[in-house]
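First residue of the sequence shown: 698, per my numbering; consecutive thereafter. Glycine included, C-beta positions come from ideal geometry on N, C-alpha and C. Keep in mind the model is a prediction, meaning the values are calculated, not measured. So the structure is just underneath, and the comments pick up after that.
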Amino acid sequence: MGLIPPIDEADPTSHTRSPYKMDIVRFVSTFSLSPARIKILKGFLNFRVSLTQAGLVEGFQWVDGSFTEHIELIEKRPPNDVDVVTFFQFSNGDNDAIVIGRKPELFDHDFVKKEFFVDSYFQELNLPSHELVEMTVYWYSMWAHRRDLSWKGFIQIPLNPQLDVVAMTILNSATTEGVKQ
Numbered sequence: 698m699g700l701i702p703p704i705d706e707a708d709p710t711s712h713t714r715s716p717y718k719m720d721i722v723r724f725v726s727t728f729s730l731s732p733a734r735i736k737i738l739k740g741f742l743n744f745r746v747s748l749t750q751a752g753l754v755e756g757f758q759w760v761d762g763s764f765t766e767h768i769e770l771i772e773k774r775p776p777n778d779v780d781v782v783t784f785f786q787f788s789n790g791d792n793d794a795i796v797i798g799r800k801p802e803l804f805d806h807d808f809v810k811k812e813f814f815v816d817s818y819f820q821e822l823n824l825p826s827h828e829l830v831e832m833t834v835y836w837y838s839m840w841a842h843r844r845d846l847s848w849k850g851f852i853q854i855p856l857n858p859q860l861d862v863v864a865m866t867i868l869n870s871a872t873t874e875g876v877k878q
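See below:
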């Protein structure tokens with residue numbers, strides 16, 4: 698109860714399964730349920746803007762953690778942050794040093810968690826196939842279970858700077874429980 702299902706329970710062998718794909722606008726619309734969540738979503742969107750400024754514009758994010766659960770029901774508390782793995786491809790001419798040099802703070806885990814409310818990890822997509830499969834299996838196994846080992850689903854959101862602007866506009870005009878945000 699309160700978790701995204703990991704598979705289509707009516708058709709467990711179908712390709713309808715976690716990670717569930719949605720764009721950032723739908724994600725924001727789905728999860729902006731309280732002032733605490735809106736604060737985290739604004740941080741997440743600002744994190745995505747910083748990724749764009751660093752040159753990471755090709756890829757997607759796996760989004761998980763208590764933010765994607767109904768943690769208010771399960772544990773009687775609001776979420777503290779959103780867990781994110783950014784799967785990315787370097788733009789032409791970019792490499793680790795260039796991207797990190799543009800926005801070094803983005804690669805400081807503690808800074809990102811404090812500033813953006815994002816528990817952030819990165820996964821390069823330009824790896825040899827066997828390494829990429831190995832790392833994808835790792836991230837899937839990390840994201841597909843709660844700490845109590847309950848199996849759950851998670852969300853995949855493409856990087857899309859244009860839709861990030863739309864999503865922030867939605868959040869800035871959002872009203873939750875009658876309180877203007």
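With 16 other CB atoms within 10 Å as the buried threshold, where does residue i fall?
i: P801; result: exposed
i: I797; result: exposed
i: V876; result: The pLDDT assigned to V876 is 44, lower than 50, so where the model puts this residue is not dependable; a value taken from the coordinates is nonetheless given after this. Exposed, by the Cβ-count rule.
i: I795; result: exposed
Expressed to the nearest angstrom, what Euclidean distance is found between the alpha-carbon atoms of residue i and residue j?
i: F804; j: I701; result: 29 angstroms
i: I735; j: E831; result: 34 angstroms
i: M719; j: D761; result: 13 angstroms
i: L824; j: E755; result: 15 angstroms
i: S817; j: L856; result: 15 angstroms
i: S729; j: E812; result: 19 angstroms
i: A707; j: S715; result: 14 angstroms
i: L748; j: K810; result: 14 angstroms
i: K773; j: D791; result: 44 angstroms
i: S870; j: S826; result: 43 angstroms
i: P709; j: T833; result: 21 angstroms
i: Y837; j: L829; result: 12 angstroms
Which residues in the same chain have their Cβ closer than 6 angstroms to the Cβ of residue i, if we skip the five residues on either side of it in sequence?
i: A733; result: P775
i: S711; result: D705
i: T783; result: Q758 and F819
i: F744; result: F813 and V815
Which one of the options has the shortest CA to CA distance from residue i?
i: E821; options: W840, E828 and F785; result: F785
i: S731; options: I852, E769 and Y837; result: E769
i: I659; options: T783, H806, R844 and D793; result: For residue 659 there is no data in the structure shown, the boundaries of the chain being 698 and 878.
i: G850; options: A707, S747, D807 and T765; result: T765
i: F787; options: K811, V863, L753 and P716; result: L753
i: D780; options: S747, Y835 and M839; result: M839
i: I854; options: H842, A751, V746 and R723; result: R723
i: M865; options: D807, K810, L748 and L738; result: L738
i: T713; options: I721, V862, I852 and A871; result: I852
i: H806; options: D778, T833 and S763; result: D778
Excluding sequence positions up to five away, which residues of its chain have a Cβ less than 8 angstroms from the Cβ of residue i?
i: T727; result: M719
i: Y835; result: none
i: Y717; result: I701, G850, F851, I852 and Q853
i: L742; result: I721, V725, D861, A864, M865 and L868
How close, in whole Å, do the beta carbons of residue i and residue j come, if the pair is a contact with beta carbons under 8 angstroms?
i: V725; j: I867; result: 6 angstroms
i: Q750; j: R799; result: 7 angstroms
Just to confirm my understanding: we take residue i, look at its own chain, exclude 5 residues before and 5 after, and list those with CB closer than 7 angstroms. What are they?
i: W848; result: P703, A841 and H842
i: L846; result: none
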